[in-house]
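Those protein sequence lines, which keep their order, are chains A and B.
When we follow full-length UniProt numbering, the leftmost residue of the first sequence carries the number 1, and every step to the right adds one.
When we follow full-length UniProt numbering, the leftmost residue of the second sequence carries the number 1, and every step to the right adds one.
Built from N, CA and C at the ideal position, the CB exists for glycine as well.
In this text, all values refer to a predicted model and were calculated from it rather than measured experimentally.
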Amino acid sequence: MAFRERLQAWRYNTIPDHLIGEILTKRWTDNAIPFIALVITVAAFGSAIPGFFRPYSLQESTRQLGEFSLVVTGLSVVMLGGGIDLSVGSIFALATFASVGTFFIFEAPVWVCLLAAIATGVVCGAINGYLIGFLRLRAFLTTLVTFIIGRALFDILVVQYGAATQMSFMSSDLWDFIGDGTLFGFSVPVLTAIVFALITHIALTRSRPGWHVQAVGGSRRSAHNAGIRVRRTVFMTYVFSGFCAGVSGFLMATRLSSAGPGTGHGLEILALTAAVVGGNSLGGGRGSVVKGIMGAIIVLVMTNGLIRLGFGTGTNQMVLGIMLALAVTIDIRWLKNRHKVLNEVYVAPVYLKMGKSESAEPGSGSAYSLNNKLSSAQHIGLGELEGPEDVILDRDDHLYCGTRHGEIIRYFAPDYKRSEVFAHVGGFPLGLAFDKDQNLITCVGAMGLYKISPDREVTRLSAETRRSLTSIVDDARMRDPNDLDIAPDGKIYFTDSTKRYDAHEWMLDSIENRGTGRLLVYDPKDGSTKTLLDGYRYTNGVCMAHDGQSLYFSESWRSRIHRYWIAGPKAGTVECVIKDMPGYTDNINRASDGTYWMAWLGMRTPSFDLSLRHPDMRKRMTRRLPQDDWLFPNINTGGIVKFDDSGTIIQTMGDLTGQNHPMVTSMREHKGKLFIGGILNNRIGLFDIEGADPNWTGMTSYWGEKA
Amino acid sequence: MSFIKNLNQESIVLAITVVMFALASLLLPGFFSANNLVAIVRSVSVLGILALGMAMIIIGRGIDLSMVAIMAMSVACYLQMLNSGMGEGSALVLALAGVLAIGLINGVLVAYADVPAIFVTLASSSFVFGFVRSQLINTDAVPVPSGHWVEILGGMRFMSIPVEVFLFAGLALATFLFLRYSKWGRYVYYAGDNPEAARNSGMPVRPMMVLRYVISALIAFIAGILTASSLHSINTRIVNSNLLYDIVLITVIGGIGLSGGKGGVRNVLFGAALIGIMLNAMTIIDIPLLYQNLIKAGILLGAIIVDGILNPRDEQTAQQGDI
Numbered sequence: 001m002a003f004r005e006r007l008q009a010w011r012y013n014t015i016p017d018h019l020i021g022e023i024l025t026k027r028w029t030d031n032a033i034p035f036i037a038l039v040i041t042v043a044a045f046g047s048a049i050p051g052f053f054r055p056y057s058l059q060e061s062t063r064q065l066g067e068f069s070l071v072v073t074g075l076s077v078v079m080l081g082g083g084i085d086l087s088v089g090s091i092f093a094l095a096t097f098a099s100v101g102t103f104f105i106f107e108a109p110v111w112v113c114l115l116a117a118i119a120t121g122v123v124c125g126a127i128n129g130y131l132i133g134f135l136r137l138r139a140f141l142t143t144l145v146t147f148i149i150g151r152a153l154f155d156i157l158v159v160q161y162g163a164a165t166q167m168s169f170m171s172s173d174l175w176d177f178i179g180d181g182t183l184f185g186f187s188v189p190v191l192t193a194i195v196f197a198l199i200t201h202i203a204l205t206r207s208r209p210g211w212h213v214q215a216v217g218g219s220r221r222s223a224h225n226a227g228i229r230v231r232r233t234v235f236m237t238y239v240f241s242g243f244c245a246g247v248s249g250f251l252m253a254t255r256l257s258s259a260g261p262g263t264g265h266g267l268e269i270l271a272l273t274a275a276v277v278g279g280n281s282l283g284g285g286r287g288s289v290v291k292g293i294m295g296a297i298i299v300l301v302m303t304n305g306l307i308r309l310g311f312g313t314g315t316n317q318m319v320l321g322i323m324l325a326l327a328v329t330i331d332i333r334w335l336k337n338r339h340k341v342l343n344e345v346y347v348a349p350v351y352l353k354m355g356k357s358e359s360a361e362p363g364s365g366s367a368y369s370l371n372n373k374l375s376s377a378q379h380i381g382l383g384e385l386e387g388p389e390d391v392i393l394d395r396d397d398h399l400y401c402g403t404r405h406g407e408i409i410r411y412f413a414p415d416y417k418r419s420e421v422f423a424h425v426g427g428f429p430l431g432l433a434f435d436k437d438q439n440l441i442t443c444v445g446a447m448g449l450y451k452i453s454p455d456r457e458v459t460r461l462s463a464e465t466r467r468s469l470t471s472i473v474d475d476a477r478m479r480d481p482n483d484l485d486i487a488p489d490g491k492i493y494f495t496d497s498t499k500r501y502d503a504h505e506w507m508l509d510s511i512e513n514r515g516t517g518r519l520l521v522y523d524p525k526d527g528s529t530k531t532l533l534d535g536y537r538y539t540n541g542v543c544m545a546h547d548g549q550s551l552y553f554s555e556s557w558r559s560r561i562h563r564y565w566i567a568g569p570k571a572g573t574v575e576c577v578i579k580d581m582p583g584y585t586d587n588i589n590r591a592s593d594g595t596y597w598m599a600w601l602g603m604r605t606p607s608f609d610l611s612l613r614h615p616d617m618r619k620r621m622t623r624r625l626p627q628d629d630w631l632f633p634n635i636n637t638g639g640i641v642k643f644d645d646s647g648t649i650i651q652t653m654g655d656l657t658g659q660n661h662p663m664v665t666s667m668r669e670h671k672g673k674l675f676i677g678g679i680l681n682n683r684i685g686l687f688d689i690e691g692a693d694p695n696w697t698g699m700t701s702y703w704g705e706k707a
Numbered sequence: 001m002s003f004i005k006n007l008n009q010e011s012i013v014l015a016i017t018v019v020m021f022a023l024a025s026l027l028l029p030g031f032f033s034a035n036n037l038v039a040i041v042r043s044v045s046v047l048g049i050l051a052l053g054m055a056m057i058i059i060g061r062g063i064d065l066s067m068v069a070i071m072a073m074s075v076a077c078y079l080q081m082l083n084s085g086m087g088e089g090s091a092l093v094l095a096l097a098g099v100l101a102i103g104l105i106n107g108v109l110v111a112y113a114d115v116p117a118i119f120v121t122l123a124s125s126s127f128v129f130g131f132v133r134s135q136l137i138n139t140d141a142v143p144v145p146s147g148h149w150v151e152i153l154g155g156m157r158f159m160s161i162p163v164e165v166f167l168f169a170g171l172a173l174a175t176f177l178f179l180r181y182s183k184w185g186r187y188v189y190y191a192g193d194n195p196e197a198a199r200n201s202g203m204p205v206r207p208m209m210v211l212r213y214v215i216s217a218l219i220a221f222i223a224g225i226l227t228a229s230s231l232h233s234i235n236t237r238i239v240n241s242n243l244l245y246d247i248v249l250i251t252v253i254g255g256i257g258l259s260g261g262k263g264g265v266r267n268v269l270f271g272a273a274l275i276g277i278m279l280n281a282m283t284i285i286d287i288p289l290l291y292q293n294l295i296k297a298g299i300l301l302g303a304i305i306v307d308g309i310l311n312p313r314d315e316q317t318a319q320q321g322d323i
């Protein structure tokens with residue numbers, strides 16, 4: 001091996017750069033930038049300001065933080081629903097005045113003051129909500145105007161009644177406690193903010209109204225078309241925001257016991273900056289309470305810190321302006337380019353040197369040498385079918401296959417001219433198998449393992465396995481369940497071809513060539529799913545050996561067949577039975593003479609084998625070339641191979657014309673005939689096998705004669 | 001019926017203006033006098049000039065919330081440089097360079113980074129105010145140096161009408177000619193009506209957008225100079241006042257739809273006339289400033305509601321992120 005090649009093998013097989021792509025697919029990466037900003041801000045100001053972390057200092061700043069976070073929580077919900085609320089500043093001020101006025105002028109009990117503040121907030125929020133939700137005005141301008149109106153009202157009120165609130169001697173222990181006291185070391189505003197944040201978070205992520213808010217923000221049109229009451233949902237977000245501002249205003253009132261011209265001044269731009277800096281997306285759909293609170297801490301630490309460091313008038317506005325512009329720009333650019341970045345880095349090819357194979361060329365004399373037998377196959381359902389990946393026959397000789405449209409089609413014996421939709425599954429059914437009770441079990445691409453009973457009832461058996469601790473991408477989910485077979489004891493063994501790509505992206509997986517395929521087992525007794533084997537390059541077909549003690553499974557991108565023992569002395573071990581085939585291995589099924597049929601979905605080519613030794617080239621290819629120009633496995637020629645338990649190749653068949661069966665993904669022997677499926681084909685082939693047992697069927701081979 | 005059908009916001013505003021003018025002339029003593037009328041026109045000149053810039057931006061489907069900040073802070077900066085003894089030429093060049101830079105930043109962020117105009121200009125407004133106030137000047141108000149041309153400009157009269165009225169008229173005419181008769185002026189409407197289509201048909205939508213924000217910044221600077229000339233100083237606290245909303249009020253109430261592509265200089269003139277008369281009348285009746293703010297904001301809300309009803313949006317046509 002040349003040094004260069006060794007270096008490449010080392011570089012691409014040991015440095016885990018596929019993790020970058022996997023991390024980028026995570027939603028939590030959205031939080032990474034604000035979180036880093038948060039840490040930097042707190043660290044910078046904490047070290048610049050002496051006594052920043054001293055309890056008393058923290059106590060005072062957290063009181064303000066509690067009030068501020070409340071407002072930002074409300075604003076975050078509005079933004080998540082696709083709107084914006086600039087009037088929070090004036091609602092806050094009005095609510096503060098409402099509580100101060102009720103307490104000092106009317107000398108009402110504290111709970112009445114709270115109610116007054118909440119009522120003020122809710123009414124203002126409802127006005128905003130009505131204008132924006134029901135009259136469909138532009139959120140930004142409308143709340144800007146209601147902000148001015150609110151502010152003007154507040155200024156008038158302060159001028160008229162400000163003095164009266166100052167003259168009162170009203171006092172209350174509860175009022176002072178809320179404003180000044182602590183509970184378990186936390187001030188009331190902080191506790192309130194935490195409780196609100198928790199409730200809001202749970203409501204947003206785990207309740208119907210919360211989902212509606214997210215749906216409306218994510219896509220207003222789709223939400224409308226899905227029957228969500230968009231207008232009412234938008235209305236409610238503003239009411240909630242007003243409510244939060246109201247409660248926050250009440251807390252402020254108890255803390256300062258007065259309302260003056262400075263109350264809530266500039267709060268709207270502070271809150272807006274906080275919400276955006278935290279990573280809440282403008283235009284809705286992406287955001288959370290946590291983001292809002294992170295932003296609140298960043299903004300408040302920064303503005304308070306600047307004041308305490310003694311910077312002059314205007315510095316705050318300057319910094320806020322820069323932060324807002326920066327955060328909004330990053331948000332927009334990130335949203336726009338994230339998927340581009342992801343496309344750029346997700347495919348991370350690895351190095352593989354494929355073993356040299358025997359020739360499959362016609363007339364080469366090797367066991368693999370292709371012939372033209374399959375071109376004489378008759379066809380079933382020509383032009384009616386799209387993508388019969390696997391085919392199977394029941395005890396009454398009816399023929400079943402899956403289609404690209406998410407259906408299982410049944411062709412009626414004896415001539416297979418008539419067909420019906422046997423069941424609608426909703427995903428692309430790939431592998432098929434009958435269990436003892438003639439339930440049809442199928443691996444549905446990107447969905448999981450499903451059971452269809454003889455009376456067509458579709459049940460999901462399994463869609464997830466145990467999550468492994470070290471995987472970044474969610475490997476509990478089945479992304480590409482491919483083929484299955486059923487052991488005599490009823491356990492269902494099946495493959496999940498890749499963890500990193502969806503079923504339709506199999507060509508990306510072939511280019512990347514990373515071993516992430518698995519063999520799984522589903523136990524119908526307790527409904528559990530376990531991962532048996534992991535790390536294969538695209539596990540594909542599964543077939544129970546005739547002895548019932550072991551199973552064969554194929555590893556497509558390495559052109560291998562493995563044998564896994566489920567019982568007997570070697571139980572739990574795996575061995576490679578056939579290496580370095582000239583074709584990419586696919587489904588395996590039993591043959592009547594005690595051997596096995598196996599499909600080649602395509603043939604290896606020297607060029608692609610070479611490219612597997614050049615991961616850098618494949619990486620450049622996926623980044624710089626359009627998909628049409630990519631080099632990937634040749635799937636224009638396939639074939640069928642017959643092998644026995646010793647791994648000896650008995651027979652090879654192909655279609656050299658490429659007209660009937662260029663690629664083959666499965667074949668099923670039944671009463672002396674071979675039924676041939678292909679995932680990219682538009683027909684099922686019917687081929688007479690010379691010298692086959694004319695009475696042999698898969699059902700009897702697996703489950704014996706009908707009871 | 002055809003009369004009601006033909007009723008649009010522009011004619012309603014015109015009718016209200018006329019009625020208001022008539023009522024004020026009849027009921028308010030001293031309203032219908034030459035001096036007061038000149039005062040009305042003068043008072044709306046600066047607002048009107050700012051509204052011209054705003055109108056051009058709004059027609060192109062944008063908004064510029066940084067106009068007042070640019071207006072006050074650029075002039076404050078300019079006067080500060082003069083007061084500290086810098087030469088006339090270099091001070092003017094520096095101030096203009098700053099104005100151009102902010103206009104460019106606004107424009108580039110809106111046009112090329114696709115950030116909503118409303119956020120860009122809100123942020124730049126805050127930044128411009130904060131930066132100039134904290135770094136470049138040290139008092140809220142900056143006086144005009146005595147004998148400077150800005151001071152002289154404020155005292156200039158032509159046929160006993162203050163010079164800013166002529167400036168307003170001249171700028172209005174220039175904007176009118178630009179929007180109506182120049183190719184790029186027509187493009188503003190197309191870009192405002194349907195930016196995608198305009199871009200697909202080959203119009204330089206993005207450079208034009210940058211240009212509009214630069215022009216609006218320059219207009220703000222002119223308005224600032226006029227403000228300083230009539231008051232002999234510039235008070236930076238004006239940034240925190242409701243002046244910005246008066247500008248939006250004039251454009252929206254004049255009938256320039258916020259969704260872009262509609263309206264023209266005539267709408268600005270009508271809007272300015274209505275607001276000018278209203279403000280003047282309220283001052284004569286002696287309504288306190290706080291209540292004036294409330295009334296103006298209420299009217300603006302009404303105008304936005306009417307705008308929303310005349311140019312409705314629904315779940316099917318509203319664009320995602322169009323807030």
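Any chain B beta carbon closer than 9 Å to residue i
i: residue 321 (chain A); result: yes
i: residue 324 (chain A); result: yes
i: residue 328 (chain A); result: yes
i: residue 314 (chain A); result: yes
i: residue 30 (chain A); result: no
i: residue 146 (chain A); result: yes
i: residue 336 (chain A); result: yes
Minimum Cβ-Cβ distance from residue i to chain A less than 9 Å
i: residue 75 (chain B); result: no
i: residue 235 (chain B); result: no
i: residue 63 (chain B); result: yes
i: residue 324 (chain B); result: Chain B is shown from 1 up to 323; residue 324 (chain B) falls before or after that span and cannot be answered.
i: residue 304 (chain B); result: yes
i: residue 298 (chain B); result: yes
Contact belief for residue i with residue j at Cβ below 8 Å, rounded distance in angstroms
i: residue 257 (chain B); j: residue 263 (chain B); result: 6 Å
i: residue 354 (chain A); j: residue 693 (chain A); result: No, residue 354 (chain A) and residue 693 (chain A) are not in contact; Cβ-Cβ is about 36 Å, not under 8 Å.
i: residue 300 (chain A); j: residue 65 (chain A); result: 5 Å
i: residue 424 (chain A); j: residue 406 (chain A); result: 6 Å
Where residue i falls: helix, strand or coil (DSSP)
i: residue 140 (chain A); result: helix
i: residue 589 (chain A); result: strand
i: residue 501 (chain A); result: coil
i: residue 307 (chain B); result: helix
i: residue 457 (chain A); result: coil
N- and C-terminal bounds of the alpha helix (DSSP H) containing residue i
i: residue 452 (chain A); result: From DSSP, residue 452 (chain A) is part of no alpha helix (DSSP H) but of the beta strand (DSSP E) over 448–452.
i: residue 684 (chain A); result: Not the alpha helix (DSSP H): residue 684 (chain A) falls in the beta strand (DSSP E), residues 684–688.
Terminal residues of the beta strand (DSSP E) in which residue i lies
i: residue 482 (chain A); result: 481–486
Taking any Cβ of chain B, which residues in the stretch 107–138 of chain A have a Cβ under 8 Å from it, in chain order?
131, 135, 136, 137 and 138
For the stretch 268–287 of chain A, which residues have a CB atom closer than 9 Å to at least one CB atom of chain B, in sequence order?
269, 272, 273, 276, 281, 282, 283, 284 and 285
Can you give me, in chain order, the residues of the stretch 627–646 of chain A that have a beta carbon less than 7 Å from any beta carbon in chain B?
none
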